[in-house]
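**Student:**
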Amino acid sequence: MSEPLLKAINLQCERDGRELFRDLSFSILPATVTRVEGANGSGKTTLLRILAGLSDAWAGQLLWCGEPRVRVRESFLRNVLYLGHRPGIKLLLSPLENLRALMAGRRPLGDKALLQALARTGLAGYEQVPCRHLSAGQQRRVALARLLVADEPLWLLDEVFTAIDASGVSAIENLLQERAAEGGAVVFTTHHKVQIAGTKRLVLTPGAVGYDD
Amino acid sequence: MMIKPLDQAVGSIDAMKAVFARDMKVAFRQRQDLLNPLLFFMMVVTLFPLGVSPEISFLQEAGAGILWVAALLSVLLSLDHLFRHDFDDGTLEQLVLQPQPLFLLVLAKTMAHWVLTGLPLVLLTPVLGVMVHLDGNSIAILCLTLLIGTPVLSLIGAIGAALTLGLRSAGVLLSLLIIPLYIPVLIFGTGTVAAAAEGAPVGAYLALLGAFLVLALTLAPFASAAALKVSLSNS
Numbered sequence: 005m006s007e008p009l010l011k012a013i014n015l016q017c018e019r020d021g022r023e024l025f026r027d028l029s030f031s032i033l034p035a036t037v038t039r040v041e042g043a044n045g046s047g048k049t050t051l052l053r054i055l056a057g058l059s060d061a062w063a064g065q066l067l068w069c070g071e072p073r074v075r076v077r078e079s080f081l082r083n084v085l086y087l088g089h090r091p092g093i094k095l096l097l098s099p100l101e102n103l104r105a106l107m108a109g110r111r112p113l114g115d116k117a118l119l120q121a122l123a124r125t126g127l128a129g130y131e132q133v134p135c136r137h138l139s140a141g142q143q144r145r146v147a148l149a150r151l152l153v154a155d156e157p158l159w160l161l162d163e164v165f166t167a168i169d170a171s172g173v174s175a176i177e178n179l180l181q182e183r184a185a186e187g188g189a190v191v192f193t194t195h196h197k198v199q200i201a202g203t204k205r206l207v208l209t210p211g212a213v214g215y216d217d
Numbered sequence: 347m348m349i350k351p352l353d354q355a356v357g358s359i360d361a362m363k364a365v366f367a368r369d370m371k372v373a374f375r376q377r378q379d380l381l382n383p384l385l386f387f388m389m390v391v392t393l394f395p396l397g398v399s400p401e402i403s404f405l406q407e408a409g410a411g412i413l414w415v416a417a418l419l420s421v422l423l424s425l426d427h428l429f430r431h432d433f434d435d436g437t438l439e440q441l442v443l444q445p446q447p448l449f450l451l452v453l454a455k456t457m458a459h460w461v462l463t464g465l466p467l468v469l470l471t472p473v474l475g476v477m478v479h480l481d482g483n484s485i486a487i488l489c490l491t492l493l494i495g496t497p498v499l500s501l502i503g504a505i506g507a508a509l510t511l512g513l514r515s516a517g518v519l520l521s522l523l524i525i526p527l528y529i530p531v532l533i534f535g536t537g538t539v540a541a542a543a544e545g546a547p548v549g550a551y552l553a554l555l556g557a558f559l560v561l562a563l564t565l566a567p568f569a570s571a572a573a574l575k576v577s578l579s580n581s
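Here the protein sequences come in this chain order: A and B.
First residue of the first sequence: 5, per my numbering; consecutive thereafter.
First residue of the second sequence: 347, per my numbering; consecutive thereafter.
1. Quick one: measure Cβ to Cβ for B:Leu384 and B:Leu467, integer angstroms, because I've assumed they're closer than 8 Å.
2. Considering only the alpha carbon of each residue, which of B:Ser577, B:Gly556, B:Leu380 and B:Ala572 lies closest to B:Thr496?
3. At a Cβ threshold of 8 Å, is A:Ala117 touching chain C?
4. Ignore the nearest five residues each way along the sequence and tell me which others in B:Leu554's own chain have a CB closer than 7 Å to its CB.
5. Using a Cβ-Cβ distance under 8 Å, would B:Ala571 count as near chain A?
6. Could you name the residues that DSSP lists as bridge partners for A:Trp68?
7. Could you tell me whether any Cβ in chain A is nearer than 8 Å to the Cβ of B:Arg514?
8. When you compare the CB of A:Cys69 with every CB in chain B, is at least one pair closer than 8 Å?
9. Is the separation between the beta-carbon of B:Leu501 and that of B:Ala562 shorter than 8 Å?
10. Are the stretch 5–16 of chain A and the stretch 66–74 of chain A in contact at 8 Å, needing three or more beta carbon pairs?
11. Assuming A:Leu180 contacts A:Val37 (C-beta within less than 8 Å), just tell me the rounded distance between them.
12. Which term fits B:Met389, buried or exposed, when burial requires 16 or more other beta carbons within 10 angstroms of its beta carbon?
13. So, do the stretch 368–382 of chain B and the stretch 115–132 of chain A have three or more beta carbon pairs nearer to each other than 8 Å?
14. What's the C-alpha gap between B:Tyr528 and B:Pro567?
15. Start and end of the beta strand (DSSP E) containing B:Val531?
16. How should A:Asp162 be labelled, buried or exposed, when 16 other C-beta atoms within 10 angstroms of its C-beta is the threshold for buried?
17. What's the C-alpha gap between A:Arg22 and B:Ser579?
18. Would you call the CB atoms of B:Ser570 and B:Ala504 closer than 8 Å?
19. In three-state terms, what does DSSP make of B:Asp594?
20. Label A:Ala184 either buried or exposed according to how many other C-beta atoms from any shown protein chain fall within 10 Å of its C-beta, with 16 as the threshold for buried.
21. How is the beta strand (DSSP E) around A:Leu29 delimited, first residue to last?
22. Pull up the distance between the alpha-carbon of A:Gly92 and that of A:Ser79, whole angstroms please.
23. Would you kindly report the start and end of the unbroken beta strand (DSSP E) that includes A:Asp162?
24. Please identify the residue among A:Arg75, A:His196 and A:Leu55 whose C-alpha is closest to the C-alpha of A:Tyr86.
25. Taking only the alpha-carbon atoms, compute the straight-line gap between B:Leu425 and B:Ala507 and give it to the nearest angstrom.
26. Rounding to the nearest angstrom, what Cα-Cα distance links A:Ala201 and B:Phe558 in this structure?
27. Starting from the beta carbon of B:Asp435, find every residue of chain A whose beta carbon is closer than 9 Å, and list them in chain order.
28. Closer than 6 Å by C-beta to A:Gln16: which residues in its own chain qualify, once you throw out the five before and the five after it? Chain order, please.
29. In chain order, what residues of the same chain have a beta carbon less than 7 Å from the beta carbon of B:Thr491, not counting five sequence neighbours either side?
30. Distance check for A:Leu151 and A:Pro99, CA to CA, integer angstroms please.
31. Please compile the residues from chain B whose C-beta is within a distance smaller than 9 Å of the C-beta of A:Leu131.
32. Taking all protein chains shown into account, do 16 or more other C-beta atoms lie within 10 angstroms of the C-beta of A:Asn102, making it buried, or fewer, making it exposed?
33. Could you tell me the alpha carbon to alpha carbon distance between B:Arg514 and B:Leu438, rounded to whole angstroms?
34. Under 8 Å, Cβ to Cβ, is there at least one residue of chain B near A:Asn83?
35. Please state the DSSP three-state secondary structure of A:Tyr130.
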């Protein structure tokens, strides 16, 4: 058994006076895909934001590679990729410029690699078009192109399948599966029917917490 | 195959350059927004002679103050945009999650804000200075005080912009929070020009303005970064 990348111990979160979860403990191991499940408002997004380090409204312990996360914040941030509801795409910039800006602080790549990634997500021919002229699904694909060039061991993906067509969904399924086979860890939420072999489920229900393999 | 945790990140300076370059690029794709603070600045300065008195003696006396107040208000007006668009489209989340220290990235954003709003105001000042009958020496001193003062306005303003990010109607609160902090800069900015007009030495005034700038440069980015994290955490 390899060492967990991220370990959550007794996580507890309250939002607007309502308890979303308590005593939530789990480990994210390398080479696994975990799906966070729950009804609307059950705290899936909140959990992912807590794991990514965006939200401070929680109690409990988070260990990154065995160390408390606050102590290794910089290395933690470098090793985790978070993709949220809001895709982080500037509508005034083209897909290529967006991708370049997103990678600049993490893993600067030449335009060739970036153009290849954009082509693989089906954006060939749109590289230089400002993103506001693209459809919602295409904008989403710009954010997803980032996954193709990402080297972070842990991915936290919130509703990545939104506004993506059927062929896109299966492409992402394959990508996540390959990622796990390479040894990366993926945590995602979705309301779509998604088939990824060996997916672990992390179920958030008010008051109680289930975690089955 | 195992994926090993990564150690090396991009250097902070390179990351700052990238943030700065992106902000400039976005701003130049939306040029009309760049003109707004300048137009406001020009309008306020033009309205004073019309509304109060076109007499040369009045304008010479009040001119520097009018220009400083107009510059201050036009920076204040532009502040809400500093983080708002990034907040709405999610790029701010990605900025906060970058492995480099956040205060440096915020400093890069604030510098971009100054280059896009404060600096054009300084460049426009000689023209408007002539319009309110300031003499050459006063205009030079006024430009110098604005050159030192407007970055302070951007840096302090960034704290307020970051704090009010999560609120829907942030405008009034932002002004209430920030204007008291702008007052010392305004007093010493206009004081410098007044002293110069009387022929008094201005070295001490400029040194104080410079001290404000150093203080703001060293402290404000930390405060803005902390405020950004709080605002994002509550969103």
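The beta carbon of each residue, even a glycine, is placed where N, CA and C say it ideally should be.
Since we're looking at a predicted model, the values are computed, not measured.
**Tutor:** Straight from the coordinates:
1. 7 Å
2. B:Gly556
3. Among the protein chains in the structure shown, which are A and B, there is no chain C.
4. Phe534
5. no
6. A:Leu10 and A:Glu71
7. no
8. yes
9. yes
10. yes
11. 6 Å
12. exposed
13. no
14. 16 Å
15. Counting along the chain, B:Val531 falls outside any beta strand (DSSP E), though it belongs to the alpha helix (DSSP H) covering Gly517 to Ala543.
16. buried
17. 17 Å
18. yes
19. Here chain B has residues from 347 to 581 only, and residue 594 of chain B is not among them.
20. buried
21. One detail in the question is off: residue 29 of chain A reads as Ser in this sequence, not Leu. From DSSP, the beta strand (DSSP E) with A:Ser29 extends over Arg22 to Ile32.
22. 21 Å
23. Leu158 to Asp162
24. A:Leu55
25. 6 Å
26. 60 Å
27. Arg90, Pro91, Gly92, Ile93, Lys94 and Leu95
28. Arg26, Ala63 and Gly64
29. Gly535, Thr538, Val539 and Leu555
30. 14 Å
31. As written in the sequence, residue 131 of chain A is Glu, which differs from the Leu given in the question. Those within 9 Å of A:Glu131 in chain B number zero; the least Cβ separation is about 15 Å.
32. buried
33. 17 Å
34. yes
35. coil
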